[in-house]
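Protein chains in written order, with the numbering used here: chain W, 1 to 501; chain S, 1001 to 1098; chain Z, 2001 to 2397.
Here a beta-carbon is modelled for each residue, glycine too, at the ideal position from N, C-alpha and C.
Worksheet: the structure to be examined is printed underneath.
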Amino acid sequence: MPDRPRREISRRDMLKIGGLAGAAIQVGAVAGVAVHAGQNHHSYGGWESFEGNTQFFDRKSHLMTGPAYHRVGATRRPSRHTEYIFGRARRLHLALHGEADQPPTWKPEDGLKKLGEPLAGFYDKHPDLLALDLERETKLNPQSKLHRSKYAGYFELANAWSEGWADVFYHYPPKPSSPPSESDYEGIRKEPLTAKSPGHAAQLIKQVAHLYGASLVGIAELNPDWVYDVDVQGAKPGPFEVPPHWKYAIALGVPHEWDQMLSNPAHGTSYDAYARSRIAAARLSVFIKKLGYPARAHMPPSSYDLIIPPILVDAGIGEQGRHGFVITPELGANFRAAVVTTNLPMETDRPIDFGVRDFCNRCKICAEQCPSGSISHAETNQGMETRGYRHWEINQTTCFNFWATAMGPTGCRLCIATCPYSRKNNWVHGMARSMSLHDPTGLADHAMTWMQKSFFDAPGAEAYLPPPDGRFAGYRPAPKWLDIENWFDVKVNNPQNGDHR
Amino acid sequence: MSATAWIWFVMGALSIVILLSAHVWMQDFGIRMNWWKWTLMVIWYGFLNFTLALPMTLVGEGESFAALRIFFLLVVVAVILGVGFWRLIAAGRKPSSR
Amino acid sequence: MGARKLIARFTLLRINKIGFGLVMLVFVTIGLTVGALREGANHTDFLRQAFPQVDRFKPLGNDVYSIHTSTSPKESHRYTAWAASDGYAGPLKVALQTDSTGRITRILFIEQHETPSYFQRVQDQGLFETLVGSNILESGTVSKNFDAVSGATRTSTAFLDAAQKAGGKIAATVFKRDAPQSQRPHLYIGIPEIIVLALFAAAFAGMHTPSRMARRIRWLSLLLGLLVLGFAFNRPLNLVFINRLLMGYWPAWQSHLYWYLLAGAIILVAFINGRNPYCTWICPFGAMQECLGLVGGAKFRIPKRAHRSLQWLQKGLALGAVTLGLFFRNPSLSSYEIFGTLFDFIGSAFQFCLLALVMITALFVPRPWCNTLCPIRPLINLVRSLATRLKMVFRRS
């Protein structure tokens, strides 16, 4: 019987080898599953469902204990003509270049007085902003025109995709044709339906808002300090009182498509999320009217009677970040918001605290990458005061001036892309988020900020600038589907490859 | 059952084979195993899987350079951990005559 | 073995020792002279390279120039000035450009010797752009937006200092304003300075105590060095400071007290008992390798013959690195050590690969880096043999 022991040994060896092979297969399979987890389109958060699964963060357990922002002085409503950068830029542009076929009404040599109020008074107080605004009008815009003639071809596909989203801005919903006291009541149900309780009303509104396309929904009582001072839409130009029926603000948020978002400021656009949140808000305002309550939608790109970010904070959608955008637990800073004002009685949400304040004090990645240096590097937002409130301030004017030099679709959005919170929803980033949330010492935040800075490439602030200083870089390369050379036989100057013909 | 569910099912089955095999390996090495030694082994094997899973997920996301850097870092840690754990586990072993 | 052979080997050893010292001295002298001859280029040349669109720089004195382009040859709306400060690895010169309101529009380096990967990190983190947009006439605004890059504090602060000086020159010359005074280097004694003195004291005491006690002191000292001089502050002795001293970029003692203490203590101990306290007792990178050796056992010994040739390789590397640095007048150029790679996680891809290799080898071989590649040990040994020789000379006379 010499065979037996040998067979036993071979069985044993089989098991030994089998175990090794099994481990190899298992490790290999884990690697394969991991690649899939990285590519998986289910991880493109905020776009996966219309059922509200997109708002998965447990906000009730992370309510803000202190105030969401500090009142540090006398408060007032924001000025639509001067502080609102687009309002101011448009006014100055019209003065310098004339409306339609009209001749210009002002040139810098005329002196400030001739510019007329409200710009004259504002620029008198802020000569630095006048210098920046003039730099944009006289130097950056013409320079950008030159660049466009050279490089626009490379961004044509990105622009086409962006324009496809933008088209809705001109058609839906129509501009209000009368003041809030009339237009907010247009098409309203005669007898308002009374909800069983404010809680019921809030739940219904949220359900419907999700179905209309909003990834995130929150409700707050409207603080009148967030409403612009003059020119309410649909009414004659001039100051206006905050309408009494603007009692509640329903805040909605929709993310940008993730891959193009990461390619900012080159191939990304604002308009995809703008259009989606705009339509959701417009639909929701009609829905509320049909319940018998007045409603007005305040929507991107410019149909606003109020400023949005503080409302997002009030409604517990997220916390304000260093870059001025609101950061949410689900989507980071990658989302665009709209607001519906109404007097339908609803249970309101509370501001949340998931550690953004401390994180932003420490991280500073957005400030380091910002091509125009518009984001503060300060240790905290102590000492930053806007209209009586303390919060993170950015230099809107230098930011907007960079828009004038960037190529691709209008704007920059680099800070959204670089923000460590703006990451997809796979297990890696999920783990990072949950570590950040549950670590009271701040060590996890520190480690992860360090990891992004040490392991993840970033082109660096200068690379986003126009040639010769930069190369119109994006934080990440364009996704394949936005790369024009991938689909069409065209000859383009690719500035990102240093193609400066 | 979806494809991923099958993968996890097979992975679970494989884990049993690996554990049984580890038991035999250790016997042949002449190492007497106990609970903390098993724990160390499982921790290390888990870390090995993590060492691959984290960079590969980043590769899937298109962050290959970050993946490569993190992979190198994790591999060095895994080797150091592996050698350290092995010395703890193999301390005082008596190679069997088998 | 015959006595003659023994004597022959002994003299060969002596010749080797003296020879290395002599070769070192010759190379250092050649490097220094050639390097010094290469220095001293014209600053407007640098400015011209930095601002290629510019037609003409009109000197206004005090290193300030007004900038004239072909579109506006007569009048100037922009000004530039340069100033220097003391960086990590030598002088750091910065050129600053402002517009007619004093707002900074561009910042450029016209000379720097910083360790490339550290400089890269500072550049990547957008430090230089943080000052763009601030106004040199408003006091405090230049430094307000400023935040030193962690791991490269010396480079960051030197940059800020140089930029402020350059801004001050423009403010004074063009705008006739008093610029905010830049600070004189002030003496700062912190944890690293205290720890390094304590560790040297411990090492010196340890050298003269019985071996069992000495072993404990050594481990304590190594661990403290690893934590404080390694991970907390990243201050192991490296080629940069040695090169600086050799090429005459002697930094202000107030701001570089730590390095002077370190170098001074090594020389002092070499004179007192001719030994090397740093590598065995203090070096944080050595401590790291010994810790790994503890984990892995580190039972493998390098064979004697191989060890001897490896030592020659080590000496050659040290000599080559110092000469190269001197030749190019750049203290950090040839600093190939991997200390910062471990402690600050900053380095080239090559350095990271080397670090991984060294760390894994250290599990099995005692102190592989120290015994084969490190340039510091041969240099300290040179100091030691010089010290004993000098002592002998003194004693004879």
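Rounded to a whole number of angstroms, what is the C-alpha to C-alpha distance between Leu2222 of chain Z and Thr418 of chain W? For the purposes of this step, residue 2222 of chain Z is taken as residue 222 along the third sequence, with counting starting at 1. For the purposes of this step, residue 418 of chain W is taken as residue 418 along the first sequence, with counting starting at 1. Separation of Leu2222 of chain Z and Thr418 of chain W (C-alpha to C-alpha, rounded to the nearest whole angstrom) is 40 Å.
Please decide whether Asn1049 of chain S counts as near chain W, where near means a Cβ-Cβ distance under 7 Å. Taking the second sequence and counting its residues from 1, the one referred to as residue 1049 of chain S is at position 49. Chain W, which has a Cβ nearer than 7 Å to the Cβ of Asn1049 of chain S, makes this yes.
Could you tell me the distance, in whole angstroms, from the CA atom of Phe2269 of chain Z to the CA atom of Asn2276 of chain Z? Start at 1 with the first residue of the third sequence, and residue 2269 of chain Z comes out as number 269. Start at 1 with the first residue of the third sequence, and residue 2276 of chain Z comes out as number 276. The sequence given here has Val at residue 2269 of chain Z, not Phe. If I take the Cα positions, the gap works out to 7 Å.
Contact under 7 Å by Cβ, Leu2379 of chain Z with Ala2298 of chain Z: Your numbering for residue 2379 of chain Z matches position 379 in the third sequence. Your numbering for residue 2298 of chain Z matches position 298 in the third sequence. Not a contact, by the Cβ cut-off of 7 Å.
Looking at C-alpha atoms only, which residue of Z:Gly2126, Z:Gly2274, Z:Lys2391 is the closest neighbour of Phe2204 of chain Z? Taking the third sequence and counting its residues from 1, the one referred to as residue 2204 of chain Z is at position 204. Comparing Cα-Cα distances from Phe2204 of chain Z to each of Z:Gly2126, Z:Gly2274, Z:Lys2391, the minimum goes to Z:Gly2274.
From the DSSP output, in three-state form, read off Asn486 of chain W for me. Locating residue 486 of chain W in the first sequence gives position 486, where the first residue counts as 1. Three-state DSSP puts Asn486 of chain W in a helix.
Just list the alpha helix (DSSP H) runs in the stretch 2104 to 2145 of chain Z, keeping only unbroken ones of 4 residues or longer that don't cross its boundaries, in chain order. Runs of the alpha helix (DSSP H) spanning 4 or more residues and lying entirely within the stretch 2104 to 2145 of chain Z occur at 2116 to 2124, 2127 to 2130, 2141 to 2144, in chain order.
Alpha carbons only, please: which of Z:Asn2238, Z:Leu2199, Z:Trp2259, Z:Lys2391 is nearest the one belonging to Val2228 of chain Z? By one-based count along the third sequence, residue 2228 of chain Z stands at place 228. Nearest option by C-alpha distance: Z:Leu2199.
Can you list, in chain order, the residues of its chain with a C-beta nearer than 6 Å to that of Arg2395 of chain Z? Leave out the 5 residues immediately preceding and following it. If you number the third sequence from 1, residue 2395 of chain Z lands on position 395. Correct list: empty, nothing qualifies.
Buried or exposed, going by whether 16 or more other CB atoms sit within 10 Å of the CB of Ser2117 of chain Z? Counting from 1 along the third sequence, the entry for residue 2117 of chain Z is found at position 117. With 16 or more other Cβ atoms within 10 Å, it is buried.
Against chain Z, which members of the stretch 1062 to 1094 of chain S pass a CB distance test of less than 7 Å? From the stretch 1062 to 1094 of chain S, only Phe1072, Val1076, Val1079, Ile1080, Val1083, Gly1084, Arg1087 have a Cβ closer than 7 Å to chain Z.
Endpoints, the alpha helix (DSSP H) within which Thr397 of chain W is located: Locating residue 397 of chain W in the first sequence gives position 397, counting from the first residue. Unbroken alpha helix (DSSP H) run through Thr397 of chain W: 396 to 405.
Just checking: is the beta-carbon of His377 of chain W within a distance shorter than 7 Å of some beta-carbon in chain Z? Reading the first sequence from its first residue, position 377 is the one you call residue 377 of chain W. Yes, His377 of chain W lies at the interface with chain Z (some Cβ there is under 7 Å from its Cβ).
I'd like to know if Ala2041 of chain Z contacts chain S, where contact means its C-beta is closer than 7 Å to some C-beta of that chain. One-based indexing of the third sequence puts residue 2041 of chain Z at position 41. For Ala2041 of chain Z, the predicted structure reports a pLDDT of 49, less than 50, and the residue's modelled location is therefore unreliable. The matter cannot be settled from this model.
Just list the alpha helix (DSSP H) runs in the stretch 255 to 285 of chain W, keeping only unbroken ones of 4 residues or longer that don't cross its boundaries, in chain order. Qualifying alpha helix (DSSP H) stretches, in chain order: 258 to 262.
Reduced DSSP secondary structure (H/G/I, E/B, other) of Leu2342 of chain Z: Reading the third sequence from its first residue, position 342 is the one you call residue 2342 of chain Z. The answer is helix: DSSP assigns Leu2342 of chain Z an H, G or I state.
Quick one: using the 10 Å Cβ neighbour count with 16 as the cut-off for buried, is Phe2300 of chain Z buried or exposed? Here residue 2300 of chain Z refers to the residue found at position 300 when the third sequence is read from its first residue. Around the beta-carbon of Phe2300 of chain Z, fewer than 16 other beta-carbon atoms lie within 10 Å, marking it exposed.
Three or more C-beta pairs below 8 Å linking the stretch 330 to 346 of chain W and the stretch 238 to 252 of chain W: At 8 Å Cβ cutoff, the stretches touch.
With 9 Å as the limit, tell me which residues of the stretch 294 to 327 of chain W have their beta carbon closer than that to any beta carbon of chain Z; keep them in chain order. Residues passing the 9 Å Cβ filter: none.
May I ask you to verify whether the stretch 351 to 370 of chain W touches the stretch 446 to 461 of chain W, counting CB pairs closer than 8 Å and requiring at least 3? Result yes; three or more Cβ-Cβ pairs closer than 8 Å.
In three-state DSSP terms, what is Thr1057 of chain S? Here the question's residue 1057 of chain S lines up with position 57 in the second sequence. Assignment of Thr1057 of chain S by DSSP, reduced to helix, strand and coil, places it in the helix class.
N-terminal and C-terminal residue of the alpha helix (DSSP H) that Tyr533 of chain W is part of: Any answer about residue 533 of chain W is impossible in this case: the structure gives chain W only from 1 up to 501.
Could you list the residues in the stretch 251 to 269 of chain W with a C-beta less than 7 Å from some C-beta on chain S, going in chain order? Within the stretch 251 to 269 of chain W, no residue has its Cβ closer than 7 Å to any Cβ of chain S.
If you draw a straight line from the alpha carbon of Ile17 of chain W to that of Ala444 of chain W, how long is it in whole angstroms? On the first sequence, residue 17 of chain W is found 17 positions in, with the first residue counted as 1. On the first sequence, residue 444 of chain W is found 444 positions in, with the first residue counted as 1. Distance between the alpha carbons of Ile17 of chain W and Ala444 of chain W: 40 Å.
With Tyr123 of chain W and Leu129 of chain W assumed to form a contact (beta carbons below 8 Å), what rounded beta-carbon distance in angstroms separates them? Along the first sequence, read from residue 1 onward, the residue named residue 123 of chain W stands at position 123. Along the first sequence, read from residue 1 onward, the residue named residue 129 of chain W stands at position 129. Between the beta-carbon of Tyr123 of chain W and that of Leu129 of chain W there is about 7 Å, and that keeps the pair under the 8 Å contact cut.
Ordered along the chain, which non-local residues of its own chain (more than five positions away) have a Cβ less than 6 Å from that of Ala195 of chain W? Taking the first residue of the first sequence as position 1, residue 195 of chain W is located at position 195. Here the set comprises Ala201.
Please check the pair Trp165 of chain W and Lys424 of chain W, which I expect to be a contact at CB under 8 Å, by giving their CB distance rounded to whole angstroms. Within the first sequence, residue 165 of chain W is the residue found at index 165, counting from 1. Within the first sequence, residue 424 of chain W is the residue found at index 424, counting from 1. Contact between Trp165 of chain W and Lys424 of chain W fails: their C-beta atoms lie close to 21 Å from each other, not under 8 Å.
At a Cβ threshold of 7 Å, is Trp1025 of chain S touching chain W? The residue labelled residue 1025 of chain S in the question sits at position 25 within the second sequence. By this cut-off, Trp1025 of chain S is an interface position.
Which chain S residues are close to Ala23 of chain W, counting only those with a beta carbon under 7 Å from its beta carbon? By one-based count along the first sequence, residue 23 of chain W stands at place 23. Within 7 Å Cβ-Cβ: Ile1018.
Leaving out five residues before and five after Val230 of chain W in sequence, what residues of the same chain have Cβ atoms less than 8 Å from its Cβ? Locating residue 230 of chain W in the first sequence gives position 230, counting from the first residue. Same-chain partners within the cutoff: Ser79, Arg80, His81, Pro237, Gly238, Pro239, Phe240.
First and last residue of the beta strand (DSSP E) that includes Ile1016 of chain S? Taking the first residue of the second sequence as 1, we reach residue 1016 of chain S at position 16. In the DSSP assignment, Ile1016 of chain S falls outside any beta strand (DSSP E) and within the unbroken alpha helix (DSSP H) covering 1003 to 1029.
Residues of chain W with a CB under 8 Å from the CB of Ala1022 of chain S: which are they? Residue 1022 of chain S sits at position 22 when you count from the first residue of the second sequence. Simply Gly19.
If you draw a straight line from the alpha carbon of Gly218 of chain W to that of Gly460 of chain W, how long is it in whole angstroms? What you label residue 218 of chain W is simply residue 218 of the first sequence in a count that begins at 1. What you label residue 460 of chain W is simply residue 460 of the first sequence in a count that begins at 1. Inter-residue distance for Gly218 of chain W and Gly460 of chain W is about 36 Å (C-alpha atoms, whole angstroms).
Counting only C-beta atoms, is Gly373 of chain W closer than 7 Å to chain Z at any point? Stepping through the first sequence from its first residue, residue 373 of chain W is reached at position 373. Interface residue, yes.
Tell me where the beta strand (DSSP E) around Asp314 of chain W begins and ends. The residue you call residue 314 of chain W lines up with position 314 of the first sequence. Run containing Asp314 of chain W: none in the beta strand (DSSP E); it sits in the alpha helix (DSSP H), 309 to 314.
Give the DSSP bridge partners of Lys2093 of chain Z, in chain order. Stepping through the third sequence from its first residue, residue 2093 of chain Z is reached at position 93. Bridge partners of Lys2093 of chain Z: Z:Ala2084, Z:Glu2111.
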